[in-house]
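Some notes on the structure that comes next.
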Amino acid sequence: GELRGFDIIHLHCPFILGAEMVSLAAALAGTQLVVSYHSDLIRPGNWRDMIFRLATWSSRLAVMQRADRILFVSQGHAETSDQRFVYQKRRSHCQVLPNGVDIHAFRPQADREQVRKSLHLPLDGRVVGFVAALDSAHHYKGLSVLLQALAAQSLKETCLLVVGDGDLKEQYCQQAYDLGISERVVFYGAAGHETLPSLYRACDVVTMPSLVAESFGLVVIEALACGVPVVASNGPGVRSLLQHGDNGLLVEPGNSAALSEAIHQVLQDDATCQRMGQLGRSNVEERYGWTQIGIRLERIYQDLRRDFRKQVPMTEQGES
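In the numbering used here, each residue carries its 1-based index in the sequence shown increased by 249.
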């Protein structure tokens, strides 16, 4: 009964089993269903793989095939995700609505020196940033590759700020020690929304060296919103955010040599850093602020209701 009386139900996936229940409730109530598909389920490489595969299949049949609108966070993800078959068959029902960022909180600000002092980072040195959970479920974020890249001769005076926590932290700390770079790596720990902007701004460049294709790249737009250029793995979702050579650089996933070279390329020229950061901020302001995303979502809702009214006879509309 809780899902009755609405014009539209907006469901966010993946949502194992819950998505099927919401879809059924919407169907029984005669309510239009909008589904935001944020990412594929990351398969852990064990017995849970089968469960995740079944969940993806079930969602495709019970949810995606019924939805009145399906929203993907990037065009690349729509074309390559586990739900790409739905996109191919129901393209007229699919649209791209990216994630957004609070451009008032994540913004350029002259607090780098203060933040670096508090973190014991060199005030005039080069600092690379990495933001992700350090747990087993997020091993694909590529911190291991980034640590290898930092050991390159070209980055021997560069420091790394790691923001995140999890069960793999000790493993990464040990790797940094084994590579002889532990004195140049700061493990900050987990950070909240109110702290993240200043941590991004403490960096000269932020990295997202994912080993698998990301659906989007929230770290990318958060860093760009702060005016910081990004070096990221070249994947379908990230390509919609980064223009290679303009607001950052794209590299081959898992290639530590290419990653270190790209980081060095950005860091060796202050003018390049500044230009990329300014362009990145401009891109985010134009496309990814929550106001812009909200306007686009409202338009999707309005279009959906308009199409519905065209299909339903006036007598039925009056009765409802």
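Glycine included, C-beta positions come from ideal geometry on N, C-alpha and C.
All values derive from a computational prediction rather than experimental measurement.
Check                                                                                                                                  : Outcome
Residue from 283, 267, 262 with nearest C-alpha to residue 291                                                                         : 262
Beta-ladder partner(s) of residue 457, from DSSP                                                                                       : 481
Boundaries (first-last residue) of the beta strand (DSSP E) holding residue 262                                                        : 257 to 262
CB contact flag (residue 435, residue 410, <8 Å)                                                                                       : yes
Among 303, 256, 390, nearest to residue 264 - alpha-carbon criterion                                                                   : 303
Validate contact between the region 504 to 518 and the region 464 to 475 using beta carbons, cut 8 Å, 3 pairs                          : no
C-alpha distance - residue 313 paired with residue 362, whole-angstrom precision                                                       : 49 Å
Identity of the residues DSSP links to residue 407 by a beta bridge                                                                    : 375
Boundaries of the alpha helix (DSSP H) in which residue 529 is found, first to last residue                                            : 519 to 536
Span separating the alpha-carbon of residue 428 from that of residue 523                                                               : 31 Å
Nearest to residue 379 (by Cα), restricted to the options 453, 545, 560, 267                                                           : 453
Distance CB(residue 254)-CB(residue 485) smaller than 8 Å                                                                              : no
The region 419 to 426 contacting the region 439 to 455, beta-carbon criterion three pairs below 8 Å                                    : no
Residues of its chain near residue 541, where Cβ-Cβ distance is below 8 Å and the 5 sequence neighbours each way are ignored           : 349, 535
Residue 564 in three-state terms, based on DSSP                                                                                        : Caution applies to residue 564, whose pLDDT of 46 falls short of 50 and renders its modelled position unreliable; the model cannot decide the point.
Contacts around residue 369, its chain only, beta-carbon distance under 8 Å, and the 5 residues preceding and following it disregarded : 435
Residues that DSSP places opposite residue 286 in a beta bridge                                                                        : 262, 321
Where residue 390 falls, given that 16 or more other Cβ within 10 Å makes a residue buried                                             : buried
With 16 other Cβ atoms within 10 Å as the buried cut-off, status of residue 552                                                        : exposed
For residue 465, the first and last residue of its enclosing beta strand (DSSP E)                                                      : Careful: residue 465 lies outside any beta strand (DSSP E) and carries neither H nor E.
One or two residues paired with residue 350 in a DSSP bridge                                                                           : 538
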